[in-house]
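Student: First residue of the sequence shown? That's 88 in the working numbering, and the numbers climb one at a time after it. For reference, the structure I am asking about is given below.
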Amino acid sequence: VAYVQSGGALVKVSMADGKVLWSSLEDTKGMMSSGSFSSPVIATLAGQRQLVVQTRQALCGVDLESGKLLWQQPIESFRGMNILTPVIKGDRVFNTAHSGKAQLFEIAKTDDGEWSVDEIWSQKSQGYMSSPVLIGDTIYLHQKNQSATALGTEDGEIRWTSSPFGKYWSMATNGQKILALDNSGELLLVTPSSIELEIDDRMKVADDAWAHIAIQDDYVIVRDLKALKVYQWK
Numbered sequence: 088v089a090y091v092q093s094g095g096a097l098v099k100v101s102m103a104d105g106k107v108l109w110s111s112l113e114d115t116k117g118m119m120s121s122g123s124f125s126s127p128v129i130a131t132l133a134g135q136r137q138l139v140v141q142t143r144q145a146l147c148g149v150d151l152e153s154g155k156l157l158w159q160q161p162i163e164s165f166r167g168m169n170i171l172t173p174v175i176k177g178d179r180v181f182n183t184a185h186s187g188k189a190q191l192f193e194i195a196k197t198d199d200g201e202w203s204v205d206e207i208w209s210q211k212s213q214g215y216m217s218s219p220v221l222i223g224d225t226i227y228l229h230q231k232n233q234s235a236t237a238l239g240t241e242d243g244e245i246r247w248t249s250s251p252f253g254k255y256w257s258m259a260t261n262g263q264k265i266l267a268l269d270n271s272g273e274l275l276l277v278t279p280s281s282i283e284l285e286i287d288d289r290m291k292v293a294d295d296a297w298a299h300i301a302i303q304d305d306y307v308i309v310r311d312l313k314a315l316k317v318y319q320w321k
């Protein structure tokens with residue numbers, strides 16, 4: 088099966104025949120104000136495997152089998168432009184909103200089955216289109232103001248902030264290094280650091296590259312407006 092944020096709802100689709108198995112979080116306001124840009128992720132929170140979904144205005148937990156809404160947390164939204172994918176660490180969910188703030192929430196469930204969402208911290212960092220990556224106890228984020236930053240997961244402390252790097256980054260990590268593709272088509276190899284942005288290598292690989300970078304084994308797949316390109320990551 089596949090779980091997809093469609094134009095007006097979250098849907099579960101059969102890969103065998105394309106049948107919609109359930110629809111959840113439906114919004115009937117129309118294409119310009121409904122539907123979400125963010126990709127759902129599967130995570131185990133408070134002992135239950137579920138979908139973590141960011142709509143235009145809320146973070147949600149959704150049951151994988153039934154599509155039932157388990158929990159919901161309103162988040163700030165500028166014209167519904169919440170695009171990035173939330174980051175999961177244990178029972179906690181990190182999110183940062185366009186023209187809003189960065190927040191870490193803890194998800195819990197009582198013995199009676201009641202869900203709760205508690206804010207652990209919030210601070211001023213603002214994401215936009217670039218989904219963060221988590222390595223150890225640090226979240227690496229490309230912000231709306233075009234700078235990269237590193238945030239501590241325990242307290243939200245800003246460990247460093249870089250000079251501006253384009254309007255968008257797509258990032259992938261193997262847990263030891265980060266590959267960051269700038270929208271200009273420059274590919275950066277970054278070493279995680281709690282002190283400063285450490286760029287080990289850089290290479291021009293595309294023009295006008297807004298699609299997310301893809302990694303398969305040691306291959307790096309990049310798409311720009313004119314071509315699909317494959318590089319080897321050594």
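Each residue gets a CB set at the ideal place from its N, CA and C atoms; glycine is no exception.
Please state whether DSSP places E241 in a helix, a strand or coil.
Tutor: Note: E241 maps to coil in three-state DSSP.
Student: Could you check whether V139 and A130 sit closer than 7 Å to each other, using their CB atoms as the reference points?
Tutor: Yes, the pair counts as a contact, with Cβ atoms nearer than the cut-off.
Student: Determine the closest residue to L268 out of G262, A89, E285 and F252, with distance taken between C-alpha atoms.
Tutor: Closest option to L268, Cα to Cα, is F252.
Student: By DSSP, does I153 sit in helix, in strand, or in coil?
Tutor: In the sequence on display, residue 153 carries Ser and not Ile. S153 falls in the coil class under three-state DSSP.
Student: Taking 7 Å as the threshold (C-beta atoms), are G187 and E206 in contact?
Tutor: It is not a contact, given that the beta carbons lie outside the stated cut-off.
Student: In chain order, what residues of the same chain have a beta carbon less than 6 Å from the beta carbon of I154, not counting five sequence neighbours either side?
Tutor: Reading the sequence as shown, one finds Gly at residue 154 and not Ile. Here the set comprises W109 and S111.
Student: Any idea if R136 is buried or exposed, counting beta-carbon neighbours within 10 angstroms, 16 or more meaning buried?
Tutor: The residue is exposed, with fewer than 16 neighbouring Cβ atoms inside 10 Å.
Student: Using a Cβ-Cβ cutoff of less than 6 Å, which residues in the same chain neighbour D287 once the five nearest sequence positions on both sides are dropped?
Tutor: Contacts found: L276 and T278.
Student: Please name the residue in A145, G243 and S250 whose C-alpha comes closest to that of E283.
Tutor: Among A145, G243 and S250, the Cα nearest to that of E283 is on S250.
Student: Assuming K196 contacts A145 under a Cβ cut-off of 8 Å, what Cβ separation, rounded to an integer in Å, is found between them?
Tutor: Not really, about 18 Å apart at Cβ, beyond 8 Å.
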